[in-house]
Amino acid sequence: MKWGAIGVVARKELLDSSRDRRSIYVLLFSTLFGPLLIAFMLNQIAGQEKAAHEIQVPVVGGQYAPVLVNWLAQQPGVEIAAGPADAEGAVRERKSDFVVVIGKEFAERFRDSRPAPVQLFSDSTRQTTRAKVRRIRALLGRFSAETGGMRLIARGVSPAVAAALKMDDVEVSNAQQRAATVFNIIPMFLILSAFTAGMQIATDSTAGERERNSLEPLLLNPVPRWQLVTGKWLAAATGAFAGMLLTLVVTSNVLSRLPLEDLGVRYHLGREEMGVLVLAICPIALLAPAIQMYLACFAKSFKEAQSYMGFLVFAITIPGVMSTFYPITNRPWLHPIPIVGQYAAAMDVLGGNMPGVLGLVGGALGAAGLVVLFLALATRLLSAEKIIFGR
Amino acid sequence: MIRAENLVKTFGAVRAVDGVSFAAPDGVVTGLLGPNGAGKTTSLRMVYGLMKPDSGSIEVDGVDVVSKPQAAQARMGVLPDLSGLYQRLTPREHIRYFGQLQGIPGGELEKRMDHLIEILELKGIADRRAGGFSHGERAKVGLARALVHDPQNVILDEPTNGLDVMSTRAVREVIRHLRATKRCVVFSSHVMQEISALCDRIVVIARGQVVAEGSAEELTALTGKTTLEDAFVALTGVQGEAA
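For the protein sequence lines, the chains are A and B, in the order given.
Taken in order, the first sequence gives residues 1 to 391; the numbers are from this note's numbering.
Taken in order, the second sequence gives residues 1001 to 1243; the numbers are from this note's numbering.
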């Protein structure tokens, strides 16, 4: 028997699904959802960072501390406003992001060079105000240190005496690695897009054949079962790969248009990085449809198959979740593990570390082994009487 | 030429087919007649090689179906009990897909396709997607798809079940044409009129066994009845009382 049947089956499945409006929508949705979500999140973060540079400071009791209020007002991007009567209530009810309350005894204690009372009301459970609160806290701290320093100088003491430590933050990651932590989510979306883009063909060509009773006539053609399965897989893998590539191109375009400088990160995916990234993750586009086809063979209908796919998508996000508490970058021995390996390799590329040829080959071999296994299992299922005739 | 010997198939405790034997020669339409659940479909599934018999043997043109199912399937055109279409493909694309899977070269396939569209009166719908087809239209496309490789042996499981008059006539016409060209046709039905209108030889199956075999005249003579329907009731009913 010739191998030509594989191409015949693949062409038919691609033609069939290209006419399915639902599969086109799924492809578009799955490729656009990730990049748009990333864009939204980065914009939010950038907006918060920017907002912290221009803050409005509600002050209660400003009349007791004109020195502090004037100093604050002179800081760049700071605007003083009258604070609400009930500071705590205003913050709790989210009418104010934070409130600075100056005590009555401020003037007297300040004059006597005793610690003068200032209260800062804030709500640490509110993610969106954290940057602003951090900024005002830093400003108050600086005022305290500067004033303290001047008092020491007035008494003939060097302010250096009061500073026991000289703290220097040394950041070891380079800008690209810092960007990678922000972009952690990109590999997950690339992997998810392969699963969602190939799913339609993978399930329609297996569970769908059973549902519409077209499997029995198809199996009556004198073609080995493995060739039918391989042809269907080839079509689904083409869809998965197309979805993945489209997601990558859209993501890269979206990122290049975002104001990433506001986040203090430089992000650059050149031609070479894109090429290596595609090589690193393409095993997923081959593996995802193989797993999906195997699972969908158990389903009697398209709908039943889709409920299995839900579990699968949940399972494949585990490496992503895992990576938040177990670092998977720069660990080449992870690369041959299917899915985890591709995830790790993609993170490395985005973090500015190109994985070696050995890692890429290892990843491809690990995935290829699983592809063969799942296709063989699917072939066996499609030969079972209870699958062919079970309705 | 199809020869089935002593086929047995059990599902759990149920003996669905319990020793069915029949021979279907070339140039003859052989009918499998029996009530619903008698074992006709299961017998045919074993004949066309998608179900393995527990015991017994089947030969199609001398090819053993159990050991060489694909070689045997290449010699058969089958319209199964349930034969679904792809909603988004046209009849022409259905026939082309199956023709390519049968390994028919392009030019020959297009000629064969035009012929099938002609004799099954599919011209008006040949390039429309199958999504909204009537039952009769679907059955005709299924039949065209099954006959694309011009098989020597044709197996039709309840082909006219639920069809309207025009579609039934088209299917009967095709079956007569197959007989005239010396093909071996096996055709199952639970409808007496279908069997008596088309079949040269009738194999009556009840409760997984062959209870009688012969032409319509031989069967009526055997039971001493005047119509095939009475003969059928007598044959399958006798079996019922005995069991």
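Beta carbons: idealized from backbone N, C-alpha and C, even for Gly.
Item to complete: Would you kindly work out how many angstroms separate the C-alpha atoms of T317 of chain A and L358 of chain A, rounded to a whole number?
Response: As a position in the first sequence, residue 317 of chain A is number 317, starting the count at 1. As a position in the first sequence, residue 358 of chain A is number 358, starting the count at 1. Straight-line Cα distance between these residues: approximately 25 Å.
Worksheet entry | Listed by chain order, chain B residues near L42 of chain A by CB distance under 9 Å | Position 42 of the first sequence, counting from 1, holds the residue named residue 42 of chain A. Within chain B, no residue comes near L42 of chain A; the closest Cβ sits about 40 Å away, beyond 9 Å.
Worksheet item: Cβ atoms of A237 of chain A and L286 of chain A: under 8 Å apart, would you say?
Response: For the purposes of this step, residue 286 of chain A is taken as the residue at position 286 of the first sequence. For the purposes of this step, residue 237 of chain A is taken as the residue at position 237 of the first sequence. Taking 8 Å as the Cβ cut-off, L286 of chain A and A237 of chain A qualify as a contacting pair.
Discussion item. What does DSSP give as the partner residue(s) for E1005 of chain B in the beta ladder?
Written reply: In the second sequence, the residue the question calls residue 1005 of chain B occupies position 5. DSSP output for E1005 of chain B lists B:S1057 as bridge partner(s).
Item to complete: Please report how far the alpha carbon of Y326 of chain A lies from the alpha carbon of A344 of chain A, in whole angstroms.
Response: Position 326 of the first sequence, counted from the first residue, corresponds to residue 326 of chain A. Position 344 of the first sequence, counted from the first residue, corresponds to residue 344 of chain A. Between Y326 of chain A and A344 of chain A, the C-alpha separation is close to 11 Å.
Worksheet item: DSSP three-state call for N1153 of chain B: helix, strand or coil?
Response: Within the second sequence, numbered from 1, the residue matching residue 1153 of chain B stands at position 153. It is a strand residue.
Worksheet entry | Near-chain B residues of the region 208 to 223 of chain A (beta-carbon distance less than 7 Å), N- to C-terminal order | R212, N213, S214, E216, P217, L219, L220, N221, P222, V223
Item to complete: Classify T1090 of chain B as helix, strand or coil using the three-state DSSP reduction.
Response: Looking up residue 1090 of chain B in the second sequence gives position 90. Three-state DSSP puts T1090 of chain B in coil, outside helix and strand.
Worksheet entry | Sheet register partners of G1077 of chain B (DSSP bridge) | On the second sequence, residue 1077 of chain B is found 77 positions in, with the first residue counted as 1. Paired residue(s): B:V1154.
Worksheet item: At least one CB of chain A closer than 8 Å to the CB of A1139 of chain B: is that the case?
Response: One-based indexing of the second sequence puts residue 1139 of chain B at position 139. No, because no Cβ of chain A sits closer than 8 Å to the Cβ of A1139 of chain B.
Practice prompt. Flag V8 of chain A as yes if its beta-carbon sits less than 8 Å from any beta-carbon of chain B, otherwise no.
Written response: Locating residue 8 of chain A in the first sequence gives position 8, where the first residue counts as 1. For V8 of chain A, the answer is yes, since a Cβ of chain B falls inside 8 Å of its Cβ.
Fill in: Reference A107 of chain A, options A:L68, A:F195, A:L312, A:A367, closest by Cα
As a working note, residue 107 of chain A is residue 107 in the first sequence. Per the Cα distances, A:L68.
Fill in: Buried or exposed by the 16-neighbour rule on C-beta atoms within 10 Å, applied to K12 of chain A
As a position in the first sequence, residue 12 of chain A is number 12, starting the count at 1. Its Cβ being crowded by 16 or more others within 10 Å, K12 of chain A is buried.
Discussion item. By the three-class DSSP mapping on this structure, what secondary structure does P58 of chain A have?
Written reply: Taking the first sequence and counting its residues from 1, one reaches residue 58 of chain A at position 58. Secondary structure at P58 of chain A: strand, using DSSP grouped into helix, strand and coil.
Item to complete: Report yes or no: do the region 31 to 45 of chain A and the region 68 to 85 of chain A share at least 3 C-beta pairs separated by less than 8 Å?
Response: no
Worksheet item: Can you give, in chain order, each stretch of the alpha helix (DSSP H) that sits fully within the region 100 to 152 of chain A and has at least 4 residues?
Response: 106 to 111
Worksheet entry | Counted within 10 angstroms of its Cβ, other Cβ atoms place S1067 of chain B as buried (16 or more) or exposed | Within the second sequence, residue 1067 of chain B is the residue found at index 67, counting from 1. With fewer than 16 Cβ atoms within 10 Å of its Cβ, S1067 of chain B is classed as exposed.
Item to complete: Tell me whether the beta-carbon of T203 of chain A lies closer than 8 Å to the beta-carbon of Q292 of chain A.
Response: Stepping through the first sequence from its first residue, residue 203 of chain A is reached at position 203. Stepping through the first sequence from its first residue, residue 292 of chain A is reached at position 292. Yes. Within cutoff.
Fill in: Per-residue contacts from E93 of chain A into chain B (C-beta, under 7 Å)
Translated into positions along the first sequence, residue 93 of chain A becomes position 93. Per Cβ cutoff of 7 Å: no residues; E93 of chain A is ~57 Å from chain B at best.
Worksheet item: What are the partner residues of A1032 of chain B, as DSSP defines its beta bridges?
Response: On the second sequence, residue 1032 of chain B is found 32 positions in, with the first residue counted as 1. For the record, residue 1032 of chain B in the displayed sequence is Leu; it is not Ala. Beta-bridge pairing links L1032 of chain B to B:S1188, B:V1203.
Practice prompt. Mind reading off the beta-carbon distance from G208 of chain A to F314 of chain A? Whole number of angstroms is fine, and I expect it under 8 Å.
Written response: Looking up residue 208 of chain A in the first sequence gives position 208. Looking up residue 314 of chain A in the first sequence gives position 314. 22 Å between Cβ atoms; not a contact.
Fill in: For F1011 of chain B, the three-state DSSP class (helix, strand or coil)
Locating residue 1011 of chain B in the second sequence gives position 11, counting from the first residue. In the structure shown, F1011 of chain B sits in a strand (DSSP, three-state: E or B).
Discussion item. Give me the DSSP bridge partner(s) of Q1209 of chain B.
Written reply: Translated into positions along the second sequence, residue 1209 of chain B becomes position 209. Per DSSP, B:A1206.
Fill in: Beta-carbon proximity of Q200 of chain A to A280 of chain A, cut-off 8 Å
Mapped onto the first sequence, residue 200 of chain A falls at position 200. Mapped onto the first sequence, residue 280 of chain A falls at position 280. Not in contact: Q200 of chain A and A280 of chain A (Cβ atoms no closer than 8 Å).
Worksheet entry | Residue-level contact to chain B via CB, A388 of chain A, 8 Å cutoff | To locate residue 388 of chain A, count along the first sequence from 1; it is residue 388. Note that residue 388 of chain A is Ile in the sequence shown here, rather than Ala. Interface residue, yes.
Practice prompt. Taking only beta-carbon positions, decide if K300 of chain A is within less than 8 Å of chain B.
Written response: The residue labelled residue 300 of chain A in the question sits at position 300 within the first sequence. With 8 Å as the cut-off, K300 of chain A does not count as an interface residue toward chain B.
Discussion item. Please return the same chain residues whose Cβ sits closer than 7 Å to the Cβ of K1123 of chain B, not counting the five positions on each side in sequence.
Written reply: In the second sequence, counting from the first residue as 1, residue 1123 of chain B sits at position 123. If we look at K1123 of chain B and ignore the five residues flanking it on each side, its Cβ neighbours are I1117.
Practice prompt. Find the residues of chain A that neighbour F1232 of chain B, judging by a C-beta separation of less than 7 Å, and give them in chain order.
Written response: Taking the second sequence and counting its residues from 1, one reaches residue 1232 of chain B at position 232. In chain order: nothing, as chain A lies at least about 27 Å away.
Practice prompt. Would you kindly work out how many angstroms separate the C-alpha atoms of A378 of chain A and M354 of chain A, rounded to a whole number?
Written response: Within the first sequence, the letter at position 378 stands for residue 378 of chain A. Within the first sequence, the letter at position 354 stands for residue 354 of chain A. In a straight line, the C-alpha of A378 of chain A is about 35 Å away from that of M354 of chain A.
Worksheet item: With distances taken between CB atoms, is the gap from R212 of chain A to G1084 of chain B smaller than 8 Å?
Response: Mapped onto the first sequence, residue 212 of chain A falls at position 212. Mapped onto the second sequence, residue 1084 of chain B falls at position 84. Contact: yes.
Practice prompt. Determine the chain A residues that contact G1142 of chain B at a beta-carbon separation under 8 Å, and present them in chain order.
Written response: The count along the second sequence starts at 1 and reaches residue 1142 of chain B at position 142. Going along chain A in sequence order, the residues near G1142 of chain B (Cβ under 8 Å) are P217.
Discussion item. Just verifying my parser: in three-state terms, what is the DSSP assignment at S383 of chain A?
Written reply: By one-based count along the first sequence, residue 383 of chain A stands at place 383. Coil, per DSSP.
Item to complete: Please state whether DSSP places Q1239 of chain B in a helix, a strand or coil.
Response: The sequence position of residue 1239 of chain B within the second sequence is 239, counting from 1. Since pLDDT at Q1239 of chain B reaches only 46, below the 50 mark, its modelled position is unreliable, and the value read off the structure follows with that caveat. Looking at Q1239 of chain B - three-state DSSP - the assignment turns out to be helix.
Practice prompt. Note down the Cα distance separating A296 of chain A from L27 of chain A, rounded to an integer number of angstroms.
Written response: Taking the first sequence and counting its residues from 1, one reaches residue 296 of chain A at position 296. Taking the first sequence and counting its residues from 1, one reaches residue 27 of chain A at position 27. Their Cα atoms are separated by approximately 19 Å.
Item to complete: Under 7 Å Cβ to Cβ from Q1152 of chain B, same chain only, skipping five residues before and after it: list those, please.
Response: Position 152 of the second sequence, counted from the first residue, corresponds to residue 1152 of chain B. So the list reads D1061, R1075, R1183, C1184, once near-sequence residues are dropped.
Worksheet item: What residue ranges within the region 2 to 34 of chain A form continuous alpha helix (DSSP H) runs of no fewer than 4 residues, ordered along the chain?
Response: Listed in chain order, they are 4 to 18.
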